[in-house]
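A.B. asks: Residue numbers (the working numbering): 121 to 215. Positions of the beta carbon are idealized from the N, C-alpha and C atoms, including for glycine. Bear in mind the structure is a predicted one, so any value in this text is a computation, not a measurement. So that we are looking at the same thing, I have put the structure below in structure tokens.
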């Protein structure tokens, strides 16, 4: 899995040079979507492109940091295959 896509060493080049099986989109990209702002709209467009790029490489995508129904709907409509975040459940202790 390519974790935190878009940050640090998880770049576009990693899609071609590593044996990646899934692209995990960093929460910093999901936080702003759903807000009717210029920045939120730009991030949503970037997410669409990211999912489209992963799809071209036949890689499923998972978006982390989903906290609202609106975010979940927008990410699903963008083609994101999997979602995770507090909207679905809070982290639980191991024991």
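Hey, could you find the ends of the beta strand (DSSP E) residue 183 is sitting in?
C.D. replies: Residues 181–183.
A.B. asks: Report, in whole angstroms, the separation of the C-beta atoms of residue 167 and residue 198, which I expect to be a contact under 8 Å.
C.D. replies: Rounded, the Cβ-Cβ distance is 5 Å, consistent with contact.
A.B. asks: Taking the C-alpha atoms as reference points, what is the distance between residue 200 and residue 212?
C.D. replies: Taking the straight line joining both Cα atoms gives about 25 Å.
A.B. asks: Closest to residue 141 by C-alpha separation, out of 192, 162, 177, 189, would be which residue?
C.D. replies: Closest option to residue 141, Cα to Cα, is 177.
A.B. asks: Where does residue 143 fall in DSSP's three states?
C.D. replies: Looking at residue 143 - three-state DSSP - the assignment turns out to be strand.
A.B. asks: Is it buried or exposed for residue 162, if we count other Cβ within 10 angstroms and need 16 for buried?
C.D. replies: Its Cβ having fewer than 16 others within 10 Å, residue 162 is exposed.
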